[in-house]
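Some notes on the structure that comes next.
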Amino acid sequence: NTLKFFKFIMITLVILALVGGLYASKVIYGVAKDSPDLSLSQFIDLNEPSIVVDDEGNEFDIIHTDEVRFPLELGEMGENVKNAFIAIEDERFEKHKGVDYRRTISVSIQDVLGRFTGQRNMQGGSTITQQLIKNTYLTKEKSITRKIKEIYMALQTEKMVSKEQILETYLNRIFLGGKAHGVEAAANQYFDKSAKDLSIIEAAYIAGTTQSPTNYYAFSDSSKENPDKYIKRTKLVLNAMEKNEKITKEEHQNAIDEINANGIAFNQTYIITDKYNYEYFTRPVVDELRKDLKDLEYTDEEINAMIEHGGLKIYTTMHKAAQDYAQEVLNDFSNINTVYDYKGLREAEDDDPENKIITHADGSKWVEYTSREEAQAAFSAVDYKTGEVKVLVGGRNDNTASGFNRSYYSDTFSGSVLRSIGSSTKPLTVYGPGIDTNKLNLGSIADDTKLTDEELSDLGFNSLNNVDFRFSGQTDIRTSLVNSYNTVSAKSFRMLGNNNNERV
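See the structure below:
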């Protein structure tokens, strides 16, 4: 009876195990089949930044993004980089088929034990292929469902993509702290050199940041106060490199001795700034491009992705030589005579200006500005045959990131403001039409006197004065234009009538 009962129990357990296994297999199969489609173009795509080119097709700017990567082919990365990453991230990379089952089981056991001991396991179980799959196709949630999809897709990927392509894509894409995505950007950021030129120590440090890029970022305040955390991690990578025979014992010991003696010698380089090479031209281009894409019913999220990471080649009408020359001329303050202004006269007289006041020929007094930088300017050039904007210079000597742009206005552009064109409209809307219709010429007699109530009413003004609140009486159009008399231009505008000005 005891034997029969034992057999019954064993048969029951086997049946339950089979049923449970079949059910688990069905669940796993269902989850795996629900995985995203494997798009090789998405897998290999490195999300390169968009570039801006001039009217001859030459690149002059790169669109800013929070991510910086400089893609390289695997053979251009150097052996130290490849060896360091494989040693610490996936020591059996060359042997497995996408999943390292031994490592997965080992890490799983350590995780279970850690729940009882309270010691957290810091070693990940994902292979390089799995990490790529997770970062490319899946979310970052920690769940059994996501892990099943990750394993299934990794196995499928290794059937379609070579080991070399997988490693190359991984090393070009992985986030390595700061702004750096990929080993070349990281080598530039941390050591101001190319990845192929990294020493064993430098490569080991960069490979070590993958586990926690923010925590091991050498230039953070916490890392500066406690460099020991990233130094320990670097030594761990060096140990893994020796263990996996990526470096010799002598190379390992020399590297450890160097770190103990001198630490890690960084040479920080800022691989990205918020400033464009051509601020005054590029930012308006990006602003107009965003509006065009909005008209095509793209969402803001899609627009940001296309412009910043879509690898677009943005063709512009800029004539680079003319743009450079215009900026150079505007930046040259030597061609500006001393600036005088009547507005500061009273303050200057009160403050004892030390002979900074001059008397004009007409008896008016003006005060000399002590700083030529007070004068600002902007410049734009348009090809009148095509309407193409060739030059946009928004100011003198202040081509700063997102700075004020006097040559461009848009209600969606924070660096601009709609400004009155002031007296610059007088030649266009008054004297030009007057001369064109033979109603005025430069010698025509003009009356620089106070406007009557009827004249003010017709023009829609309550009052109107010249800038110095003075009137010169009878004069001519040439003098009125040179001195920008408001009274004469207003009376001439009224005399010409709206038809002439609307035609302009």
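So that you can map any letter, position 99 of the sequence shown is 486 in my numbering, and since no number is skipped, the others follow by simple counting. Note that the Cβ used here is the ideal one computed from N, Cα and C, for glycine as well. Model, not experiment: these values are computed from the prediction.
Between residue 681 and the set 799, 875, 467, the nearest pair of CA atoms involves 799. Going by beta carbons, residue 515 and residue 463 fall outside the 8 Å limit. Secondary structure at residue 862: strand, using DSSP grouped into helix, strand and coil. Of the candidates 574, 819, 666, 444, the residue whose Cα lies closest to the Cα of residue 784 is 666.
Under DSSP, residue 446 takes part in a beta bridge, and its partners are 440.
Look at residue 767 here: in three-state DSSP terms it is strand. Less than 8 Å separates the beta-carbon of residue 618 from that of residue 646. One alpha carbon belongs to residue 472, the other to residue 583, and they sit about 14 Å apart. Approximately 7 Å separates the beta-carbon atoms of residue 486 and residue 517; this is inside 8 Å, confirming the contact.
Under DSSP, no beta-bridge partner is assigned to residue 585. Taken through DSSP and simplified to helix, strand or coil, residue 719 comes out as coil.
In the structure shown, the three-state DSSP call for residue 483 is coil.
Rounded to the nearest whole angstrom, the CA to CA distance from residue 690 to residue 590 is 36 Å. The beta carbons of residue 817 and residue 859 sit no closer together than 8 Å. In the displayed model, residue 702 falls within a strand according to three-state DSSP. Cβ-Cβ distances below 7 Å link residue 673 to 450, 694 in the same chain, with the five nearest sequence neighbours on each side left out; the list follows chain order. Apart from the 5 residues on each side of it in sequence, residue 764 sits with its Cβ closer than 6 Å to the Cβ of 717, 783 in its chain, given in chain order. Annotation: the region 813 to 860 contains the following complete segments of the alpha helix (DSSP H) (minimum length 4 residues), in chain order: 819 to 823, 840 to 846. Contact check for residue 561 and residue 597: beta-carbon distance about 6 Å, within the 8 Å limit, so the pair qualifies. If you look at residue 805, you'll find it isn't in any beta strand (DSSP E); DSSP assigns it neither H nor E.
Judged by their CB atoms, residue 624 and residue 706 are not nearer to each other than the 8 Å cut-off. Comparing alpha carbon positions, the residue from 698, 842, 640 closest to residue 439 is 698. Judged by DSSP secondary structure, residue 778 falls within the beta strand (DSSP E) whose first and last residues are 776 to 780. By the 16-neighbour rule on beta-carbons within 10 angstroms, residue 441 is buried. Contact annotation, residue 780 with residue 794: C-beta distance approximately 6 Å; criterion of less than 8 Å satisfied.
Note: residue 568 is bridge-paired with 562 in the DSSP secondary-structure output. Here residue 455 is bridged, per DSSP, to 567. According to the DSSP assignment, residue 471 belongs to the alpha helix (DSSP H) that extends over 466 to 476. For residue 627, the enclosing alpha helix (DSSP H) has its first and last residue at 615 to 630.
A distance below 8 Å separates the beta carbons of residue 566 and residue 455. DSSP places residue 683 outside both helix and strand once states are collapsed to three, so it counts as coil. Close CB contacts of residue 484 within its chain, under the 7 Å cut and outside five residues either way in sequence, are with 542, 545 (chain order). C-alpha of residue 488 to C-alpha of residue 600: approximately 26 Å in a straight line. With respect to residue 572, residue 585 sits apart: the two C-beta atoms are not nearer than 8 Å.
Contact between residue 883 and residue 820 holds, since their C-beta atoms are separated by about 6 Å, short of 8 Å.
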